[in-house]
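Data block below; observations after.
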Amino acid sequence: MLAIWIRAQIWTRRNVLRVVVAGVVIGVLSGVATGIVAGTLRTGSAPDRYTDAYGGDPDLFITQQSGRLLKDQIAALPGVESIQAVAFVMAFLVDPTDDSLVFDPNPFAGDVDSLGTRIVKGRFPDPTNPDEFVVNRMLWNELSADGTQIGDSFTVRTFDQRQVEGYIGPDVPTEGPTFTATLVGVTEAPNEFDESSQQLVFSPAFLDVYADVGVVQSLMAMQLGDGTDPGEIINAVRGMEGGVDAFAVPTRIVSTSARRAVSFQVSALWFVSSVTALAAAVVIAQVAARTLRIDESERQSLSALGWTRREFAIERSIEGLIAAGIAAPITALIAWVVTGYFPIGLLELFEPDTGARMDWVVVLLGVVALTIEVVVTAVLIGLSHLRRSVNRNRQRLGDALADRGASVALSVGTRFATSTVRNLGAWPSLLAGAFMVAGLVGSMVVGMSLTSIVGHPDRWGVSYQALFGNPYTYAEEDMIHPIADDPDVVAVTGINIGSVTINGFETATIGFDQVKGAIGPIVIDGRLPLADGEIGIGAEVQRRIGVAIGDTVEVTGTEGAARPFIVVGTVVTPDSAGNGAAMIFDSFAALNPTATQNVALVDFRNDAPDSAISRVSATVFSPPDALVTPTSLRALERVTAAPYLLAMVVTSLAVIGFAYLLASSTRGRRQDFSILRALGSDSRQLRAIVHWQAMVVGLIALAVGVPTGIIGGRLIVSLLTDALGIVPGAQVSLPALAGLAAMALLGANVLAFLPARRAASKRISRLSRDGQ
11 MLAIWIRAQI
21 WTRRNVLRVV
31 VAGVVIGVLS
41 GVATGIVAGT
51 LRTGSAPDRY
61 TDAYGGDPDL
71 FITQQSGRLL
81 KDQIAALPGV
91 ESIQAVAFVM
101 AFLVDPTDDS
111 LVFDPNPFAG
121 DVDSLGTRIV
131 KGRFPDPTNP
141 DEFVVNRMLW
151 NELSADGTQI
161 GDSFTVRTFD
171 QRQVEGYIGP
181 DVPTEGPTFT
191 ATLVGVTEAP
201 NEFDESSQQL
211 VFSPAFLDVY
221 ADVGVVQSLM
231 AMQLGDGTDP
241 GEIINAVRGM
251 EGGVDAFAVP
261 TRIVSTSARR
271 AVSFQVSALW
281 FVSSVTALAA
291 AVVIAQVAAR
301 TLRIDESERQ
311 SLSALGWTRR
321 EFAIERSIEG
331 LIAAGIAAPI
341 TALIAWVVTG
351 YFPIGLLELF
361 EPDTGARMDW
371 VVVLLGVVAL
381 TIEVVVTAVL
391 IGLSHLRRSV
401 NRNRQRLGDA
411 LADRGASVAL
421 SVGTRFATST
431 VRNLGAWPSL
441 LAGAFMVAGL
451 VGSMVVGMSL
461 TSIVGHPDRW
471 GVSYQALFGN
481 PYTYAEEDMI
491 HPIADDPDVV
501 AVTGINIGSV
511 TINGFETATI
521 GFDQVKGAIG
531 PIVIDGRLPL
541 ADGEIGIGAE
551 VQRRIGVAIG
561 DTVEVTGTEG
571 AARPFIVVGT
581 VVTPDSAGNG
591 AAMIFDSFAA
601 LNPTATQNVA
611 LVDFRNDAPD
621 SAISRVSATV
631 FSPPDALVTP
641 TSLRALERVT
651 AAPYLLAMVV
661 TSLAVIGFAY
671 LLASSTRGRR
681 QDFSILRALG
691 SDSRQLRAIV
701 HWQAMVVGLI
711 ALAVGVPTGI
721 IGGRLIVSLL
731 TDALGIVPGA
741 QVSLPALAGL
751 AAMALLGANV
761 LAFLPARRAA
771 SKRISRLSRD
781 GQ
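In this note's numbering, the protein residues as written are 11 to 782.
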C-alpha cells in the first residue's frame, strides 16, 4: 500500500498541470449541469415560495363594481383578519409636452403592496402622503425612455364621481381636483404575467384626501379566520351601500395560468437538465480517462514487478480523487452562479429571492456524482487488461480514403479520428459529439417550432382574417347578415363566446353560425359539428373528462336542463385552443337562451381594398383585445427561452469538451507525430492532419447527431402540441441546419488551431518525451 501512495504522489507532482486542468474542466462541466438542475428545481418551487413569502393566497377576493371603496367596513366584519384593497380611480397624468391627459396607464389608489407587489426601484409611497405614486415596469420603461427619473413630479387631473357615470374621453374637461404628484418607485407583481398593462398606484391616503375623485371599481383581497364562511362575507358586503353588485373572483398571487407556464418551462428544463447531465457525464468520463490513462510500457514494467490490476485500480482511484477534489469547489461555484439566471425570462416575477442561490443538497449530489464517475473511470482504467493498441485499432475509413488516393493529411487525420490512442477508444468521443449535436439540433427544432406556433394563430384556432364585435355585451340587432352582404366579404360566421357544463366540467364553448362561407373552429380529428346534438371538444377537455370521438356527453347551459350531445370531432377554438368546445349556434342558444351572435369572424376577398376592413369596423364596435389569446398559448410563449438555453448549454459543453479532448488526443499521439516528421512530413502537413482529425470527428458527430436531433425535436413538439390540443407540426429549417453544420465544422477547425501548432512543433524531444 505504501508503494501505491508513493507512486500516486510522484504521478501527481509530475502531472500537476494536467490534473489541475482536468479538475477545472470537470468542475465546469459538472457545475453547469448541477446548476441547471438546481435552477429547474428553483423554477418549479418559485410560485409556492413567492406565495408563502407574501402571506399566502387570499381566502376571498371581491370585486366591487361601483361606489366608494368599502375596505374599512369590510375589515370590521367578524371573521375578516386582514384586507388589502385598491380602487380604480379617474386620475390621469398630464403630458408636459402638450398638456393632454395620458389615458394609457390604468390608475389605482390604495394598498400598493397588494397581491405580492414588490418594489424594484426607489420605494413604496408614504401611506400618509396622497401625492406620491409608483409605476409598474411596463410604464416605467416608457417613462424612462423619455428621460423620467425617480423623484420627478407630474401634474395630475381627475374626473369626479358624477363624471364617472357619464362619458369620459380626451375631449371632456376634468371637474375633479388637480394636483402635483411625485414618482417615488417602480414595482412588479406576479399578476403582470397575465395582465401586461401600464399601471400607476397612488398612496392609500389618496382616497381620503381626494374623496371627490371618481372611483370606477374596487378590488379587495382578504384573509379570513378559521371557520369563516366566505359566502357570509359576500352577503354582508352586498348589504352595504355601494356593495350590491359585489362578486367574488377566484384569485391567487400566482395565477393558475402562470403556474401552467411554470409547469411547461419546468418540463422543458428537465429535458435540458437530463441532456446536459448526460452530455457532461460522457465528456467527464473522457477527460478522466485521458488524464488517468496508463502507458502500456509502464503497465508492463510494473506488472513484471508483481503489480496486479488491483494495485493499478487503487492507485488510479487515489489520483482520480485528487482531480475530483479540485473539481468539487469549482462545481459548487459554477452551480451557484448558474442558479442566478433562474427562473428564466418573465418567470422571474415569481421568484421571491432573486439572484444566485445555493442549493446545497443538489450541489452535494452533483459533487458525489462527479466523484463516483471519476473514481469508477479510474478503477476501470486500472482493471483494464494489457493490450496492444496498434493491432487492435480499426482504421477502415482511413484505409478506404488512402486506397482512393486521398491526401496523407486526410487519410491520417481520419485514422486518428477513428482509432484508439493509448488504449482509449475513439467511440466515446464520437458518441459525446453526436450526443451534443443531437441536443443542439433538437433544441433548435423545438425552439423554432414553439416560435412558429406562437407566431401563427392558425395553429391555435384563428381560422379567419378579422374579428368584429363585442363578446362582452348582447347584440341588440343583427350584425352578421349586413356584414355578409358586403361584396368584399367572402365568408362570415357569427359566434357567441360563452360556456357550458360538459359531464360536470364547465368548459369555454363557442356557438357558431356559418352564414356565408365556411369559417369555423379548426378540426384536427373527426369533423366539425354541423347539426343539433353534435359537439366538437378540444383535446385537453377530452382528456379531462375521459371521452373520445363517438362518445355521448351530457351538456348543461344556463337554462339548467342537461342534453345529450355526440362528440364528432376534436376542435381548436381561438379563445381556448384545445381547452374549449364548439357547437352550432342553434344548439348553444337552446342551452343559453339569452345568447346572441355578438361577434363576427370574417374573411375578405384577396383583392379587397384596405377600406373594406375600415368600412366594416365603422358599423360594428369592437373593443381592443376583443378575443384574448388562450392561456395555454400565453403560457407556451413564456417557455420559448428553454430550448435556446439548451442550445447555449450544449454548445458550451461541446466547446469545452472538444477542446480538451482534441488537445489531449494530440498530446497522446506525440510519438506518432514524431514518426511522421521523421518520415518527411513537414509542419504544414502535420497541422493539416490535426485539422482533418477535428473535421472528421465533427462530420461523424453531425452525421449521427443531426437526424437523431431532428427525430427527438419533432417528438417533443408532437408531445407538446398533443398536450395543448393544437394543430400539430414541427418546424425543421434546412438552411438553419446547414448553417449549424457549417458553424460546427468551422468551430472544430478553430479549436484545432492550437493543438495543430503543437503537433507541428519541430522540437522532437518535447513531442517524444514520455512517449517512448
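Each residue gets a CB set at the ideal place from its N, CA and C atoms; glycine is no exception. What you are looking at is a predicted structure, and each value in this text was computed from that prediction instead of being measured.
- Task: Give the range of the beta strand (DSSP E) segment to which residue 94 is assigned.
- Result: Counting from 1 along the sequence shown, the entry for residue 94 is found at position 84. Looking at the DSSP string, the run of the beta strand (DSSP E) that includes residue 94 is 90-99.
- Task: Drop a sphere of 10 angstroms on the beta-carbon of residue 71, count the other beta-carbons inside from all chains shown, and report buried for 16 or more, exposed for fewer.
- Result: Start at 1 with the first residue of the sequence shown, and residue 71 comes out as number 61. With 16 or more other CB atoms across the displayed protein chains lying within 10 angstroms of its CB, residue 71 is buried.
- Item | Other residues of its chain near residue 703: CB distance less than 7 Å, five sequence neighbours each side excluded | Counting from one through the sequence shown, the residue named residue 703 turns up at place 693. Within the same chain, residue 703 has close Cβ partners 423, 426, 427.
- Look up residue 526 in the DSSP assignment and give the residues it is bridged to. Here residue 526 refers to the residue found at position 516 when the sequence shown is read from its first residue. BP columns for residue 526 point to 502.
- Message: Quick check: what's the CA-CA separation for residue 160 versus residue 194?
- Response: Numbered from its first residue, the sequence shown carries residue 160 at position 150. Numbered from its first residue, the sequence shown carries residue 194 at position 184. Computed Cα separation, rounded: 6 Å.
- Query: Between residue 94 and residue 358, what straight-line distance do the alpha-carbon atoms span, to the nearest angstrom?
  - Reply: Here residue 94 refers to the residue found at position 84 of the sequence shown. Here residue 358 refers to the residue found at position 348 of the sequence shown. Computed Cα separation, rounded: 24 Å.
- Message: Given a cut-off of 9 Å on the beta-carbon distance, is the pair residue 61 and residue 372 in contact?
- Response: Taking the sequence shown and counting its residues from 1, one reaches residue 61 at position 51. Taking the sequence shown and counting its residues from 1, one reaches residue 372 at position 362. Not in contact: residue 61 and residue 372 (Cβ atoms no closer than 9 Å).
- Message: How far does the beta strand (DSSP E) with residue 116 in it extend, from its first residue to its last?
- Response: In the sequence shown, counting from the first residue as 1, residue 116 sits at position 106. Counting along the chain, the beta strand (DSSP E) containing residue 116 begins and ends at 116-120.
- residue 641 - DSSP class collapsed to helix/strand/coil: Here residue 641 corresponds to residue number 631 of the sequence shown, with the count starting at 1. DSSP places residue 641 in helix when its eight states are reduced to three.
- Task: Would you mind stating whether residue 574 and residue 566 have Cβ atoms separated by less than 9 Å?
- Result: As a working mapping, residue 574 is identified with position 564 in the sequence shown. As a working mapping, residue 566 is identified with position 556 in the sequence shown. No; because the gap between Cβ atoms is not below 9 Å, this pair is not in contact.
- Using 8 Å as the Cβ pair cut-off and three pairs as the minimum, do the segment 181-201 and the segment 138-146 touch? yes
- May I have a chain-ordered list of the beta strand (DSSP E) segments no shorter than 3 residues that lie completely inside the segment 19-84? 70-74
- residue 33 beta carbon less than 9 Å from that of residue 324: Reading the sequence shown from its first residue, position 314 is the one you call residue 324. Reading the sequence shown from its first residue, position 23 is the one you call residue 33. No. Outside cutoff.
- Query: Can you name the start and end residues of the alpha helix (DSSP H) that residue 693 belongs to?
  - Reply: Stepping through the sequence shown from its first residue, residue 693 is reached at position 683. Start and end: 693-734.
- Query: If we count the other Cβ atoms within 10 Å of its Cβ and call it buried at 16 or more, is residue 540 buried or exposed?
  - Reply: Taking the first residue of the sequence shown as 1, we reach residue 540 at position 530. Exposed, since its Cβ has fewer than 16 Cβ neighbours within 10 Å.
- Can you tell me whether DSSP reads residue 625 as helix, strand or coil? Translated into the one-based positions of the sequence shown, residue 625 becomes position 615. In the structure shown, residue 625 sits in a helix (DSSP, three-state: H, G or I).
- Between residue 595 and residue 640, what straight-line distance do the alpha-carbon atoms span, to the nearest angstrom? Working through the sequence shown from its first residue, we reach residue 595 at position 585. Working through the sequence shown from its first residue, we reach residue 640 at position 630. The alpha-carbon atoms of residue 595 and residue 640 are separated by roughly 21 Å.
- Item | Simplified DSSP state of residue 610, which is helix, strand or coil | Taking the first residue of the sequence shown as 1, we reach residue 610 at position 600. Residue state, collapsed to three classes: strand.
- Find out if the Cβ-Cβ distance for the pair residue 460, residue 285 is shorter than 9 Å. Taking the sequence shown and counting its residues from 1, the one referred to as residue 460 is at position 450. Taking the sequence shown and counting its residues from 1, the one referred to as residue 285 is at position 275. Using a Cβ distance threshold of 9 Å, residue 460 and residue 285 do not count as a contacting pair.
- Task: Mind checking which residues open and close the alpha helix (DSSP H) that includes residue 765?
- Result: Position 755 of the sequence shown, counting from 1, holds the residue named residue 765. It spans 763-769 - the alpha helix (DSSP H) in which residue 765 sits, taken as one unbroken run.
- Whose C-alpha, out of 650, 48, 21, 24, is nearest the C-alpha of residue 344? Within the sequence shown, the letter at position 334 stands for residue 344. Closest by alpha carbon: 48.
- Query: Which one of 503, 717, 499 has the shortest CA to CA distance from residue 488?
  - Reply: As a position in the sequence shown, residue 488 is number 478, starting the count at 1. Here the closest residue by C-alpha is 503.
- Query: Measuring CB to CB, does residue 589 end up less than 9 Å from residue 651?
  - Reply: To locate residue 589, count along the sequence shown from 1; it is residue 579. To locate residue 651, count along the sequence shown from 1; it is residue 641. With contacts defined by Cβ atoms closer than 9 Å, residue 589 and residue 651 do not form a contacting pair.
- Query: How would you write the range of the beta strand (DSSP E) that residue 335 sits in, first residue to last?
  - Reply: Along the sequence shown, read from residue 1 onward, the residue named residue 335 stands at position 325. Taken as a continuous stretch (DSSP letters only), residue 335 belongs to no beta strand (DSSP E), being part of the alpha helix (DSSP H) at 319-349.
- Item | Inter-residue spacing [alpha-carbon to alpha-carbon] between residue 263 and residue 67 | Residue numbering aside, residue 263 sits at position 253 when the sequence shown is read from its first letter. Residue numbering aside, residue 67 sits at position 57 when the sequence shown is read from its first letter. Straight-line Cα distance between these residues: approximately 6 Å.
- Task: Would you check if there are 3 or more beta carbon pairs closer than 8 Å linking the segment 242-261 to the segment 321-335?
- Result: The segment 242-261 vs the segment 321-335: no contact.
- Task: Helix, strand or coil for residue 682, going by three-state DSSP, please let me know.
- Result: In the sequence shown, residue 682 corresponds to position 672, counting from 1. In this structure, residue 682 counts as helix in the three-state DSSP scheme.
- Please state whether DSSP places residue 453 in a helix, a strand or coil. By one-based count along the sequence shown, residue 453 stands at place 443. Reduced to three states, the DSSP call for residue 453 is helix.
- Message: Applying the 10 Å Cβ sphere with the 16-neighbour rule, what's the burial state of residue 101?
- Response: By 1-based counting over the sequence shown, the position of residue 101 is 91. Flag for residue 101 reads buried.
- residue 655 and residue 354: beta carbons closer than 9 Å? Taking the first residue of the sequence shown as 1, we reach residue 655 at position 645. Taking the first residue of the sequence shown as 1, we reach residue 354 at position 344. Yes, Cβ-Cβ distance for residue 655 and residue 354 is below 9 Å.
- Task: Determine the closest residue to residue 670 out of 765, 646, 616, with distance taken between C-alpha atoms.
- Result: If you number the sequence shown from 1, residue 670 lands on position 660. For residue 670, the nearest C-alpha among the options comes from 765.
- Item | residue 478 versus residue 441: straight-line alpha-carbon distance, rounded | Sequence index remark: in the sequence shown, residue 478 carries index 468 (1-based). Sequence index remark: in the sequence shown, residue 441 carries index 431 (1-based). Looking at the two C-alpha atoms, the distance is approximately 56 Å.
- Can you list the beta strand (DSSP E) stretches of 3 or more residues lying completely in the segment 571-597, in chain order? 572-582, 590-594
- Query: What's the C-alpha gap between residue 737 and residue 649?
  - Reply: The residue you call residue 737 lines up with position 727 of the sequence shown. The residue you call residue 649 lines up with position 639 of the sequence shown. Roughly 18 Å separates the two Cα atoms.
- Query: Taking Cβ positions, are residue 553 and residue 578 nearer each other than 9 Å?
  - Reply: The sequence position of residue 553 within the sequence shown is 543, counting from 1. The sequence position of residue 578 within the sequence shown is 568, counting from 1. No, Cβ-Cβ distance for residue 553 and residue 578 is not below 9 Å.
- Message: Looking at the secondary structure, which residues open and close the beta strand (DSSP E) in which residue 226 lies?
- Response: Stepping through the sequence shown from its first residue, residue 226 is reached at position 216. Residue 226 -> beta strand (DSSP E) spans 225-234.
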